[in-house]
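Visitor: Protein chains in written order, with our numbering: chain A, 2 to 320; chain B, 58 to 337.
Heads up, the beta-carbon is just placed ideally off N, CA and C, and yes, glycines get one too.
Being a predicted model, the structure only gives us computed values, none of them experimental.
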Ligand SMILES: Cc1ncc(C[n+]2csc(CCOP(=O)(O)OP(=O)(O)O)c2C)c(N)n1
Ligand SMILES: [Mg+2]
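#1: Run through DSSP, which three-state label would residue 244/B get?
#2: Check the Cβ-Cβ distances between residue 231/A and every residue of chain B, and say whether any is below 8 angstroms.
#3: State yes or no: is the C-beta of residue 65/A within less than 8 angstroms of the C-beta of residue 31/A?
#4: Under a CB-based cut-off of 8 angstroms, is residue 63/A close to chain B?
#5: Excluding the five sequence neighbours on either side, which residues of its own chain have a C-beta within less than 7 angstroms of the C-beta of residue 197/A, listed in chain order?
#6: Excluding the five sequence neighbours on either side, which residues of its own chain have a C-beta within less than 7 angstroms of the C-beta of residue 331/B, listed in chain order?
#7: Would residue 37/A pass as an interface residue toward chain B - the criterion being a Cβ-Cβ separation below 8 angstroms?
#8: State yes or no: is the C-beta of residue 63/A nearer than 7 angstroms to some heavy atom of ligand 1?
#9: Compare the C-beta of residue 73/B with all C-beta atoms of chain A and state if any pair is closer than 8 angstroms.
#10: Taking DSSP as the reference, what is the three-state secondary structure of residue 82/B?
#11: Work out the CA separation of residue 97/B and residue 224/B for me, nearest whole Å.
#12: Using a Cβ-Cβ cutoff of less than 7 angstroms, which residues in the same chain neighbour residue 239/A once the five nearest sequence positions on both sides are dropped?
#13: Just checking residue 91/B against ligand 1 - is the residue's beta carbon closer than 7 angstroms to any of the ligand's heavy atoms?
#14: Using a cut-off of 7 angstroms between C-beta atoms, extract the partners of residue 241/B located in chain A.
#15: Once the 5 residues before and after residue 134/B are set aside, which same chain residues still bring their CB inside 7 angstroms of it?
#16: According to DSSP, simplified to helix, strand and coil, what is residue 16/A?
#17: Less than 8 angstroms between the beta carbons of residue 268/B and residue 295/B, yes or no?
#18: Keeping to the same chain, check which residues put their C-beta closer than 8 angstroms to that of residue 263/A; ignore five residues upstream and five downstream.
#19: From the DSSP output, read off the bridge partner residues of residue 196/A.
#20: Where DSSP assigns a beta bridge to residue 36/A, which residues make up the other side?
#21: Check whether the Cβ of residue 169/B lies closer than 8 angstroms to any Cβ atom in chain A.
#22: With respect to the beta strand (DSSP E) encompassing residue 184/B, which residues constitute its N-terminal and C-terminal limits?
#23: Identify whether residue 209/B lies in helix, strand or coil by the three-state DSSP scheme.
#24: Just to confirm, are residue 244/B and residue 274/B a CB contact at a threshold of 8 angstroms?
Structure below.
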């Protein structure tokens with residue numbers, strides 16, 4: 002069982018796998034791209050690129066802060082470094098290095114954080130990125146992307162390499178359902194409307210888009226019409242799509258696989274409060290560190306389920 | 058309770074190490090994930106610490122303030138720690154089979170909020186030695202004789218923070234602190250010699266003002282002798298460069314599988330069976 006199955010979505014690749022294959026196949030098109038790894042290239046999936054382009058791949062060992070500043074140096078000398086580690090280690094361990102070697106000088110460094118959220122499962126909370134979107138979003142000028150499936154991950158990878166400036170791409174560990182089997186338009190900063198509706202809008206990203214579709218299906222059966230927006234870019238946030246959804250549906254639910262502070266929920270709240278303040282409910286992994294366990298069991302225990310979104314939607318539509 | 062100082066024989070310790078290895082193999086296979094090879098390289102040292110009389114602790118009173126402390130800085134190797142703690146009486150050995158399952162305090166990496174007897178929450182490599190320094194300094198203020206042992210991976214030595222900690226421990230002449238570097242020659246993506254070669258550790262760490270010994274860390278006799286020698290040094294921190302083999306105890310099984318690193322994966326059922334035969 003997986004969330005999205007009830008909506009007829011087929012299980013596809015993990016976003017980290019889609020990223021790894023895309024990066025490898027884009028290597029010739031972007032000759033300036035180099036990778037900088039911290040002994041986890043076989044987990045983040047930069048490994049396929051490193052195998053094809055060994056002279057453009059560097060593994061500095063278990064040394065994330067060093068890794069990020071090395072990338073800053075590569076970028077300031079004309080390269081386009083893709084720096085990948087677990088989201089937790091990349092953002093938390095190397096935060097000041099991202100600030101001083103990447104964001105402050107506004108260099109063209111591509112940060113990639115895998116193993117995002119609690120759905121990594123058994124390895125447990127020390128390996129789960131649950132603060133990374135907040136930390137990445139805190140840097141002025143940083144683009145922050147959280148793709149939901151293999152299709153948008155490939156597009157986000159290419160968009161990230163085309164974009165000039167610092168970016169953060171968030172990836173997950175487990176296989177996830179394919180949302181866009183028939184393709185989709187992807188542009189940094191532009192939400193994708195996955196489903197139209199007029200009673201409430203669920204704004205989600207990452208694995209929560211498929212979960213939102215299951216919730217929308219349940220709500221539809223109760224006569225509640227749900228719009229679902231895939232907010233794959235947290236920064237810059239799509240103010241226009243949020244304002245439109247708030248005006249047209251008068252209620253919002255934000256669903257993300259992240260802690261409650263500083264992530265998609267905060268970005269949507271700030272945006273909506275400026276344009277069309279409406280009731281908003283938040284679905285996230287809570288103000289806590291989770292635990293070890295099987296991914297599906299964790300999602301249920303920590304409230305990242307269709308029914309949590311259904312409850313949240315009821316609470317905002319009844320306000 | 059292990060507060061007496063009578064020393065068990067090398068044979069007894071080796072027998073205990075064998076039992077702990079069996080637990081490591083079984084519990085990770087049952088969990089379906091985890092780091093058995095990283096745990097097996099460190100088994101002699103952890104066994105000697107918990108059962109050789111080198112640490113004073115009370116499994117019924119894990120918060121006893123005068124206890125000695127062990128920090129598994131390479132937290133992914135916690136199966137060896139959990140197995141030793143179960144054998145020491147912190148919790149029933151049956152609980153080892155709950156490793157990494159939802160609701161179990163035996164998480165994929167040590168979590169001090171979930172399990173009494175864990176001295177530091179680890180899993181992000183590089184931080185254990187600094188935490189150990191803090192604990193040693195606190196014990197010094199409180200005039201406690203407690204010793205602090207920290208186990209670090211050879212790949213983990215790539216974290217700059219470890220070297221900051223080495224300098225700090227020397228500055229404060231922390232004679233109560235012992236670092237053990239589990240030099241098993243591998244890290245996640247390959248041999249440490251290929252990824253980031255920091256050897257030789259001994260002269261580097263010595264140059265900071267530490268007392269350092271290099272031993273075969275899979276030889277119980279050498280481990281015990283090194284811990285004795287470390288205990289005799291009280292005016293500065295000591296390090297034991299413990300040369301080991303990743304997966305020691307079940308090497309023929311890993312050889313057959315063609316992977317002597319075998320990093321971060323459990324043995325499939327058939328390999329587990331063969332491994333347990335080797336360890337019986
Ligand atoms: C800060 C940090 N970066 C990366 C990882 C991922 N990781 C887990 S184990 C490991 C390799 C560890 O190698 P070593 O320290 O030699 O331990 P061994 O498994 O060989 O005993 C890596 C890179 C981590 N846990 N923490
Ligand atoms: Mg090692």
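Guide: With the structure as the only source:
#1: The answer is strand: DSSP assigns residue 244/B an E or B state.
#2: So no, residue 231/A is outside the interface.
#3: Contact: no.
#4: Yes, residue 63/A lies at the interface with chain B (some Cβ there is under 8 angstroms from its Cβ).
#5: Excluding residues within five positions, the ones whose Cβ falls inside 7 angstroms are 228.
#6: Excluding positions up to five away in sequence, the list reads 310.
#7: Answer no: the Cβ-Cβ gap between residue 37/A and chain B never drops below 8 angstroms.
#8: Indeed, a heavy atom of ligand 1 lies less than 7 angstroms from the Cβ.
#9: No, no contact with chain A.
#10: In the structure shown, residue 82/B adopts helical secondary structure according to DSSP, grouped into three states.
#11: If you take the alpha carbons of residue 224/B and residue 97/B, they lie about 29 angstroms apart.
#12: Excluding five sequence positions before and after residue 239/A, the CB atoms of its chain that fall closer than 7 angstroms to its own CB belong to 190, 191, 192 and 232, given in chain order.
#13: No, the Cβ of residue 91/B stays beyond 7 angstroms of every heavy atom of ligand 1.
#14: Under the 7 angstroms cutoff, chain A gives no residues; its nearest Cβ is about 14 angstroms from residue 241/B.
#15: The answer, listed in chain order, is 92, 95, 96 and 99.
#16: Helix at residue 16/A.
#17: Closer than 8 angstroms, so yes.
#18: Excluding residues within five positions, the ones whose Cβ falls inside 8 angstroms are 132, 134, 135, 136, 138 and 139.
#19: Residue pairing from DSSP places residue 196/A in a beta bridge opposite 229/A.
#20: Per DSSP, the beta-bridge partners of residue 36/A are 58/A and 83/A.
#21: No Cβ of chain A is located within less than 8 angstroms of the beta carbon of residue 169/B.
#22: Here residue 184/B belongs to no beta strand (DSSP E), and DSSP marks it neither H nor E.
#23: Shown here, residue 209/B sits in a strand according to DSSP, grouped into three states.
#24: Residue 274/B sits away from residue 244/B, with the two beta carbons spaced by 8 angstroms or more.
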